[in-house]
Amino acid sequence: MYKRLLLTSTVILSTLASVAAPTVVSASTATDNQAPTAQSETVSNSNSSKKSTVIAGSDVKSADTTVAHASVTQASATAPSLKTVVQASATSATSSQQQAFLAMAAPMAQKAASEYNIYASVMLAQAILESAWGQSDLATQGNNLFGIKGDYNGAYVSMPTSEWSASQGWYQIYANFRKYPSFYESFKDNGNKLRNGLDWNSSFYSGTWKENTSSYQDATAWLQGRYATAPNYASSLNNLIQTYNLTQYDSAKTENATQAPTENTRTIVVNDASGVVPLVSFQNDGTIKKGTRGLATGTGWATDQTKEYNGHTFYRVSTNEWVQDTYATLG
Numbered sequence: 007m008y009k010r011l012l013l014t015s016t017v018i019l020s021t022l023a024s025v026a027a028p029t030v031v032s033a034s035t036a037t038d039n040q041a042p043t044a045q046s047e048t049v050s051n052s053n054s055s056k057k058s059t060v061i062a063g064s065d066v067k068s069a070d071t072t073v074a075h076a077s078v079t080q081a082s083a084t085a086p087s088l089k090t091v092v093q094a095s096a097t098s099a100t101s102s103q104q105q106a107f108l109a110m111a112a113p114m115a116q117k118a119a120s121e122y123n124i125y126a127s128v129m130l131a132q133a134i135l136e137s138a139w140g141q142s143d144l145a146t147q148g149n150n151l152f153g154i155k156g157d158y159n160g161a162y163v164s165m166p167t168s169e170w171s172a173s174q175g176w177y178q179i180y181a182n183f184r185k186y187p188s189f190y191e192s193f194k195d196n197g198n199k200l201r202n203g204l205d206w207n208s209s210f211y212s213g214t215w216k217e218n219t220s221s222y223q224d225a226t227a228w229l230q231g232r233y234a235t236a237p238n239y240a241s242s243l244n245n246l247i248q249t250y251n252l253t254q255y256d257s258a259k260t261e262n263a264t265q266a267p268t269e270n271t272r273t274i275v276v277n278d279a280s281g282v283v284p285l286v287s288f289q290n291d292g293t294i295k296k297g298t299r300g301l302a303t304g305t306g307w308a309t310d311q312t313k314e315y316n317g318h319t320f321y322r323v324s325t326n327e328w329v330q331d332t333y334a335t336l337g
């Protein structure tokens, strides 16, 4: 059932720093694809010394081998420092590209995070890090933001990826990665992975669930060693979350604001081949201006007002954000 929601019209970010994520798709996984021996994992928000509320996570023999992770190209097994990761591709995405990516991706991450009760901020940070702000080949060719391998309803793209083994060090292979119809399916697939885990361990990512954590830092700490083996994975995600104020998307106040249903409230389903439906705002002179945000294709939204402009009907989804009838169908 579609949420009876209205989007908030706050500006996504007023100023963006120049931090960027690497663009190379690579994986630092175990030497094989076999599941590790099952272990008992107790989720706790405090360690034995009670000096920290960050989940350290129980030991695991292998990271998730169904994903490949963004990383600086390496000639050895030494993981790059956070500073190296951040600076390595500082020009891979411009400030405007970063802003456009967040404007487009934030509503998608919020919707998926709400469905699976996980942190939108963590999903956004992962997407930024893994896909270089949506600029990687895997993101542009397969709408794959998280490096998830395999196929999606039979669709995939083949990409080079770096693997690591103790006997060979870093070596490059080609692997199939899931190809999604849009970024939204990528966010939803990642949310499903974090909520439902792996075939051999449904609670593999249970330390990322909101009910098991006290903050996003608990979730990023749990991902380290599971989603990625790099010792700076959690700190890389935390750095992105803090730099770009991604926690604003974890709060109900900054997600889609709810509106009391009225007799005039109806639901529209939006759709566009690009995967993102543009929003516009009406100016004081009656003209329209293209907004900085968009809605994920195939999603439903509440609308309580319509306006006619230039031969088209526009449906309101927030205080002054409207969808043209070209992209909307009344549900």
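Numbering follows the numbering used here, in which position 45 of the sequence shown is assigned residue number 51; successive positions increment by one, without gaps. We treat Cβ as the ideally placed atom computed from N, Cα and C, and that holds for glycine.
Quiz prompt | Unbroken alpha helix (DSSP H) run spanning ASN202, endpoints | solution = 189–202
Practice problem: Identify, in the order they occur along the chain, each residue of the same chain with its Cβ nearer than 7 Å to the Cβ of ALA131, setting aside the five sequence neighbours on each side. | Solution: LEU243, LEU246, ILE247 and LEU252
Exercise. Using three-state DSSP, classify THR312 as helix, strand or coil.
Key: strand
Quiz item: Does DSSP classify TRP215 as helix, strand or coil?
Solution: coil
Quiz item: How big is the Cα-Cα spacing for GLY281 and LEU301?
Solution: 8 Å
Practice problem: Could you check if ASN326 is buried or exposed, using at least 16 other CB atoms within 10 Å of its CB as the buried criterion? | Solution: exposed
Quiz item: Going by C-alpha distance, which of PHE288, ALA181 and TYR177 is nearest GLU314?
Solution: PHE288
Practice problem: Within its chain, find whatever has a CB closer than 6 Å to the CB of ASP256; leave out the 5 residues flanking it on each side and keep chain order. | Solution: TYR125, ALA126 and SER127
Quiz item: Skipping 5 residues on each side, what residues in its chain have a beta carbon closer than 8 Å to that of ARG201?
Solution: TYR122, ASN123, ILE124, TYR211 and TRP215
Quiz item: Rounded C-beta distance between GLY148 and VAL163? I'm assuming under 8 Å.
Solution: 4 Å
Practice problem: Starting from the N-terminal side, write out each stretch of the alpha helix (DSSP H) that is 4 residues or longer and does not extend beyond the stretch 90–141. | Solution: 101–122 and 126–137
Quiz item: Helix, strand or coil for TRP307 per DSSP?
Solution: strand
Quiz item: Going along the chain, which unbroken runs of the beta strand (DSSP E) with 3 or more residues stay wholly within the stretch 224–297?
Solution: 272–276 and 282–288
Quiz prompt | Whole-angstrom distance between GLY297 and PRO284, CA atom to CA atom | solution = 7 Å
Self-check item: Helix, strand or coil at THR72 [DSSP, three-state]
Solution: coil
Quiz item: Taking C-beta to C-beta, are ASP278 and THR303 nearer than 8 Å?
Solution: yes
Exercise. For GLN103, collect the residues of the same chain with a Cβ closer than 7 Å to its Cβ; drop the 5 residues on either side in sequence, then sort them by chain order.
Key: TRP139 and GLN141
Exercise. Figure out for me which residue from ASN159, GLY197 and ALA69 has the closest Cα to the Cα of PHE183.
Key: ASN159
Self-check item: Extent of the continuous alpha helix (DSSP H) to which LEU144 belongs
Solution: 143–148
Quiz item: Does the distance from the CB of ALA1 to the CB of PHE189 come in under 8 Å?
Solution: Because residue 1 is not part of the residues shown, which for the chain are 7 to 337, the question remains open.
Quiz item: Over what stretch of residues does the beta strand (DSSP E) that includes ILE179 continue unbroken?
Solution: 175–184
Quiz item: Near ALA161, which residues of its chain fall below 6 Å by C-beta distance, leaving aside the five closest residues on each side in sequence?
Solution: LYS185
Quiz item: From ALA334 to ALA69, what does the alpha carbon distance come to, in whole angstroms?
Solution: 42 Å
Quiz item: What three-state label does DSSP hand THR325 in the structure shown?
Solution: coil
Quiz prompt | Alpha-carbon spacing of PRO166 relative to PHE193, whole angstroms | solution = 22 Å
Quiz item: Can you round the beta-carbon distance between TRP328 and VAL286 to whole angstroms, since I take them to be within the 8 Å contact cut?
Solution: 5 Å
Practice problem: Counting only the same chain and skipping the five closest in sequence on each side, list residues whose C-beta sits under 8 Å from that of THR146. | Solution: GLY140
Quiz item: Under 8 Å between the Cβ atoms of GLY156 and THR72?
Solution: yes
Quiz item: Roughly how many whole angstroms lie between the Cα atoms of ALA172 and LEU151?
Solution: 28 Å
Practice problem: Would you kindly work out how many angstroms separate the C-alpha atoms of GLY197 and ALA118, rounded to a whole number? | Solution: 6 Å
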